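Q: Residues in the sequence shown are numbered consecutively from 1, following full-length UniProt numbering.
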Amino acid sequence: MTICNPDKLKGLFRGVFPMPDLQGLPDSYALGVCGLTGLAAYFGLLKICQPKSGETVVISSAAGGTGSVAGQIAKIKGCKVIGFAGSEEKVRWLLDLGFDQSFNYKEINVDHTLKKWAVEGVNCYFDNVGGDLTFWVLQNTNESGRVALCGAISSYNDDPKTAKVQFDYTSMIYKQIKMEGFLVNRWFPEWGPAIGELIGWVKDGRVKSRETVVEGFESLPQAFIDIFEGKNVGKMIVAV
Numbered sequence: 001m002t003i004c005n006p007d008k009l010k011g012l013f014r015g016v017f018p019m020p021d022l023q024g025l026p027d028s029y030a031l032g033v034c035g036l037t038g039l040a041a042y043f044g045l046l047k048i049c050q051p052k053s054g055e056t057v058v059i060s061s062a063a064g065g066t067g068s069v070a071g072q073i074a075k076i077k078g079c080k081v082i083g084f085a086g087s088e089e090k091v092r093w094l095l096d097l098g099f100d101q102s103f104n105y106k107e108i109n110v111d112h113t114l115k116k117w118a119v120e121g122v123n124c125y126f127d128n129v130g131g132d133l134t135f136w137v138l139q140n141t142n143e144s145g146r147v148a149l150c151g152a153i154s155s156y157n158d159d160p161k162t163a164k165v166q167f168d169y170t171s172m173i174y175k176q177i178k179m180e181g182f183l184v185n186r187w188f189p190e191w192g193p194a195i196g197e198l199i200g201w202v203k204d205g206r207v208k209s210r211e212t213v214v215e216g217f218e219s220l221p222q223a224f225i226d227i228f229e230g231k232n233v234g235k236m237i238v239a240v
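Now the structure itself:
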């Protein structure tokens, strides 16, 4: 839930949207796997990355609400999925979800890891992080690879005028890699069918959701901070 002044809202962010019929699933799923979080994974992966069966898909911040759903959708589409997360607990959970490989990026060399486990190269990259991790994924991305830019959590607090992050223009140009940022409201007319498909996948067990729940409205600021510190597994929910 977001508290705001409705008089200052514009475009698709104006007004209140009714909660979809979740067909018996928990109401909190409307904030996560069957809401904007799931829609970001759904459209970012399927519209921008457009994965094909047999291709290799890499997900950064893969144990977050969006990354975990994107990885599971990639598995539904027949892809090999490699996830990067920030703790051993998260790595184990990703394997439980069906990811082919998952790694704690803090403990490994990303370049060497991809050369070993993505031997045929990376076809699609769903990026929630940016920074050095993205640099090394691009180094290992194939010609005509597709990159969906969903987030850049590694640099949200950086001054863009002074931040020094490597960016591999050479690989982007010579390998003709497509990189595209997106906001999920671009596909607003398609939200209904997409939510219906997400609900179906959750109900038949092909997409699993996990929530980190904290109690009390007063906990909201700390919950927000915890997201940026990587303390949540799955979707962060504040119950009030």
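We treat Cβ as the ideally placed atom computed from N, Cα and C, and that holds for glycine. Quantities reported herein were computed from a predicted structural model and do not represent experimental measurements.
What's the gap between the Cα of Thr170 and the Cα of Val33?
A: Here residue 170 refers to the residue found at position 170 of the sequence shown. Here residue 33 refers to the residue found at position 33 of the sequence shown. Those two C-alpha atoms are separated by around 36 Å.
Q: Check for me: the beta strand (DSSP E) holding Ile59 runs from which residue to which?
A: Here residue 59 corresponds to residue number 59 of the sequence shown, with the count starting at 1. Element bounds for Ile59: 56–59.
Q: Determine the burial state of Leu183: buried for a count of at least 16 other Cβ atoms within 10 Å of its Cβ, exposed for fewer.
A: Here residue 183 refers to the residue found at position 183 when the sequence shown is read from its first residue. Exposed, by the Cβ-count rule.
Q: Please return the same chain residues whose Cβ sits closer than 6 Å to the Cβ of Gly83, not counting the five positions on each side in sequence.
A: Along the sequence shown, read from residue 1 onward, the residue named residue 83 stands at position 83. Once the five neighbours on either side are set aside, the close Cβ partners of Gly83 are Ile59, Ala62, Gly71, Leu94, Phe99, Ser102.
Q: Assuming Asn123 contacts Val57 under a Cβ cut-off of 8 Å, what Cβ separation, rounded to an integer in Å, is found between them?
A: For this step, residue 123 is matched to residue 123 along the sequence shown. For this step, residue 57 is matched to residue 57 along the sequence shown. Between Asn123 and Val57 the beta-carbon gap is near 7 Å, inside 8 Å, which marks them as a contact.
Q: Rounded C-beta distance between Lys115 and Asn140? I'm assuming under 8 Å.
A: Locating residue 115 in the sequence shown gives position 115, where the first residue counts as 1. Locating residue 140 in the sequence shown gives position 140, where the first residue counts as 1. That pair is a contact at about 7 Å.
Q: Given this structure, state the Cα-to-Cα distance separating Asp204 from Gly145, to the nearest angstrom.
A: Locating residue 204 in the sequence shown gives position 204, counting from the first residue. Locating residue 145 in the sequence shown gives position 145, counting from the first residue. Their backbone Cα atoms lie some 31 Å apart in a straight line.
Q: Using beta-carbon positions only, say whether Val202 and Phe217 come within less than 7 Å of one another.
A: Walking along the sequence shown from the start, residue 202 turns up at place 202. Walking along the sequence shown from the start, residue 217 turns up at place 217. It is not a contact, given that the beta carbons lie outside the stated cut-off.
Q: What are the residues that DSSP puts in a beta bridge with Ser102?
A: Stepping through the sequence shown from its first residue, residue 102 is reached at position 102. Note: Ser102 sits in a beta bridge opposite Gly83.
Q: I need the DSSP call for Ala62, collapsed to helix, strand or coil.
A: Sequence index remark: in the sequence shown, residue 62 carries index 62 (1-based). Residue state for Ala62 is assigned as coil, using DSSP reduced to three classes.
Q: Given Val214, which residues of its chain have a CB within under 6 Å of its CB, disregarding the five upstream and five downstream residues?
A: In the sequence shown, the residue the question calls residue 214 occupies position 214. Contacts found: Ala223, Val238.
Q: Which residues share a DSSP beta bridge with Tyr125?
A: In the sequence shown, counting from the first residue as 1, residue 125 sits at position 125. DSSP lists Val58, Val147 as partners of Tyr125.
Q: Taking the alpha-carbon of Lys75 as reference, which of Glu88, Ala85, Leu46 has the nearest alpha-carbon?
A: Position 75 of the sequence shown, counting from 1, holds the residue named residue 75. Comparing Cα positions, the closest option is Leu46.
Q: Kindly indicate the opening and closing residues of the beta strand (DSSP E) around Gly181.
A: Against the sequence shown, residue 181 aligns to sequence position 181. DSSP places Gly181 in the uninterrupted beta strand (DSSP E) bounded by 178–181.
Q: In angstroms with no decimal places, state the Cα-to-Cα distance between Met19 and Ala30.
A: Here residue 19 refers to the residue found at position 19 of the sequence shown. Here residue 30 refers to the residue found at position 30 of the sequence shown. Their Cα atoms are separated by approximately 7 Å.
Q: By the DSSP assignment, the beta strand (DSSP E) with Met172 in it spans what residues?
A: On the sequence shown, position 172 is the one that residue 172 refers to. Taken as a continuous stretch (DSSP letters only), Met172 belongs to no beta strand (DSSP E), being part of the alpha helix (DSSP H) at 169–174.
Q: Does Asn185 pass the burial test, meaning 16 or more other C-beta atoms within 10 Å, or should it be called exposed?
A: If you number the sequence shown from 1, residue 185 lands on position 185. Per the 10 Å Cβ criterion, exposed.
Q: Quick one: residues in its chain with C-beta nearer than 6 Å to the C-beta of Asn142, no 5 flanking neighbours on either side, listed in chain order?
A: In the sequence shown, residue 142 corresponds to position 142, counting from 1. Excluding residues within five positions, the ones whose Cβ falls inside 6 Å are Gly121, Asn123.
Q: Going straight from the alpha carbon of Ser87 to that of Met179, what length do you get?
A: Taking the first residue of the sequence shown as 1, we reach residue 87 at position 87. Taking the first residue of the sequence shown as 1, we reach residue 179 at position 179. Their Cα atoms are separated by approximately 27 Å.
Q: Beta-carbon separation of Leu138 and Asp168 under 7 Å?
A: Here residue 138 refers to the residue found at position 138 of the sequence shown. Here residue 168 refers to the residue found at position 168 of the sequence shown. Taking C-beta atoms as the reference points, Leu138 and Asp168 count as a pair closer than 7 Å.
Q: Kindly indicate which three-state DSSP category Lys235 falls into: helix, strand or coil?
A: As a first step, residue 235 must be located in the sequence shown, where it is residue number 235. Note: Lys235 maps to strand in three-state DSSP.
Q: Taking DSSP as the reference, what is the three-state secondary structure of Val214?
A: Mapped onto the sequence shown, residue 214 falls at position 214. Strand, per DSSP.
Q: I think Gly234 touches Ser68, with their Cβ atoms under 8 Å apart; what is that distance to the nearest whole Å?
A: For this step, residue 234 is matched to residue 234 along the sequence shown. For this step, residue 68 is matched to residue 68 along the sequence shown. Right, their Cβ atoms sit about 6 Å apart.
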